[in-house]
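Shown next, in structure tokens, is the structure this report addresses.
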Amino acid sequence: MYGEMRYRTLNYELKKTFGEKVVKLSIDGGFTCPNRDGTIDSRGCIFCSEMGSGEFAGSRELSIIRQIEEQKALLGKKWKSGKYIAYFGSFTNTYAPVEELRRKYYEALGCEGVIGLAVATRADCISDEIMDLFREINEKYFLWVEIGLQSIHEDSAKYIRRGYDLNVFNKTFNNLHELGIKTVVHIILGIPGEDRADMMRTVDYVSRLKPWGVKLHMLHVIKNTDLEKAYLEEGFPLFEKEEYVKTICDSLERLHGDIVIHRITGDGKKSDLVGPRWSLDKLRVISEINMEMKRRDSFQGCRVK
8 MYGEMRYRTL
18 NYELKKTFGE
28 KVVKLSIDGG
38 FTCPNRDGTI
48 DSRGCIFCSE
58 MGSGEFAGSR
68 ELSIIRQIEE
78 QKALLGKKWK
88 SGKYIAYFGS
98 FTNTYAPVEE
108 LRRKYYEALG
118 CEGVIGLAVA
128 TRADCISDEI
138 MDLFREINEK
148 YFLWVEIGLQ
158 SIHEDSAKYI
168 RRGYDLNVFN
178 KTFNNLHELG
188 IKTVVHIILG
198 IPGEDRADMM
208 RTVDYVSRLK
218 PWGVKLHMLH
228 VIKNTDLEKA
238 YLEEGFPLFE
248 KEEYVKTICD
258 SLERLHGDIV
268 IHRITGDGKK
278 SDLVGPRWSL
288 DKLRVISEIN
298 MEMKRRDSFQ
308 GCRVK
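Counting with our numbering, you get residues 8 to 312 for the letters of the sequence shown.
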């Protein structure tokens, strides 16, 4: 067990490490993506919004320091904390010259109370120079790097326009692992064309890798994305809440118990979310997942293959 939970939450892990609540501050570093600027594609991943999956980040019109101060003030109403992780989550946060990355990362790390850094990126956008920068930061601060795998299945990768194959992901993951850098892998459940067995194969694959962390969320449709167009034209099914709760519990049971669970549901903006609309009640979804794990009397890793 993990405190009062049946899975290893990020909150549990950070409290265990730092002895108190640590709050994540979402920063927009002003980056773009090779899947948007024409290097690989110009359309982006099929599910990605105009905000580059950074709907809850600060404004890129503001300096990083100003964004951090505003995020502290906003989140301070909910959590009283003196420790923070600066999270670069919008678009591809290694898609710039290494000196620009160094400047922006250290600008965030220099802010009062910031004890660590989290960087979301693509597996094909971490050069040797950036690996060296990560190694340098990892020696001084708490660092994790997030990579969007989403699915191990190549048909799904092509459908969502990920833009690189599984071998690229594996190479980058292994390079980060060899440097001792904590890695978080993103998985999307419910990609059109995948059944439960396909999803569980992705979960089992990631469990065998034993990354430091995993983010699990359902495919959700955001307005003004190519996924919305496909949804309206094709009418593919989205998760019903009960089915999603069961699928998440199945996934948690199959993920190694040492893996930190960063997310178990999505939380798109109310004004932009096409579906599933039930996902807007994030606390209710999490509560039902917790109740289902209790009903099963199961826990993370109990069915690891």
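Don't be surprised by glycine CBs; every beta carbon is placed ideally from N, CA and C.
The region 288-296 in contact with the region 230-244 per 3-pair CB rule at 8 Å:
no
Give me the residue from Glu11, Ser278, His263, Arg303 with the minimum Cα distance to Val311.
His263
Gly220 beta carbon less than 9 Å from that of Val252:
no
Hey, is the region 66-77 in contact with the region 147-157, meaning 3+ C-beta pairs nearer than 8 Å?
no
Which residues in the same chain as Glu241 place their Cβ atom closer than 8 Å to its Cβ, once the five residues preceding and following it in sequence are excluded?
Pro199
Taking all protein chains shown into account, decide if Pro218 is buried (16 or more other Cβ within 10 angstroms of its Cβ) or exposed.
buried
Cutting at 7 Å between CB atoms, please list the residues of its own chain near Gly197, excluding the five before and the five after it.
Met225, Leu226, Leu245, Phe246
Report yes if the C-beta distance between Ile122 and Ile92 is below 9 Å; otherwise report no.
yes
Check the C-beta distance from Thr209 over to Ile271 and give it rounded, since I have them as a contact under 8 Å.
With 8 Å as the limit, Thr209 and Ile271 do not qualify as a contact, their Cβ atoms being about 15 Å apart.
According to DSSP, is His193 part of a helix, a strand, or is it coil?
strand
Would Tyr94 pass as a contact of Leu32 if the rule is Cβ separation under 9 Å?
yes
Could you tell me the boundaries of the alpha helix (DSSP H) in which Val252 lies?
248-261
Coarse secondary structure for Tyr14, derived from DSSP in three states
coil
Roughly how far, in whole angstroms, is the beta-carbon of Met300 from the beta-carbon of Thr254, given that I think they are within contact range, below 8 Å?
Actually they are not in contact, since the Cβ atoms of Met300 and Thr254 sit about 13 Å apart, beyond 8 Å.
Gln157 - partner residues in DSSP beta bridges
Ile194
Whose C-beta lies closer than 6 Å to the C-beta of Gly51 among residues of the same chain, with five residues either side of it excluded?
Asn42, Arg43
When the Cα atoms are used, what is the spatial distance from Tyr238 to Ile194?
20 Å
For Thr179 versus Asp131, is the C-beta distance shorter than 9 Å?
yes
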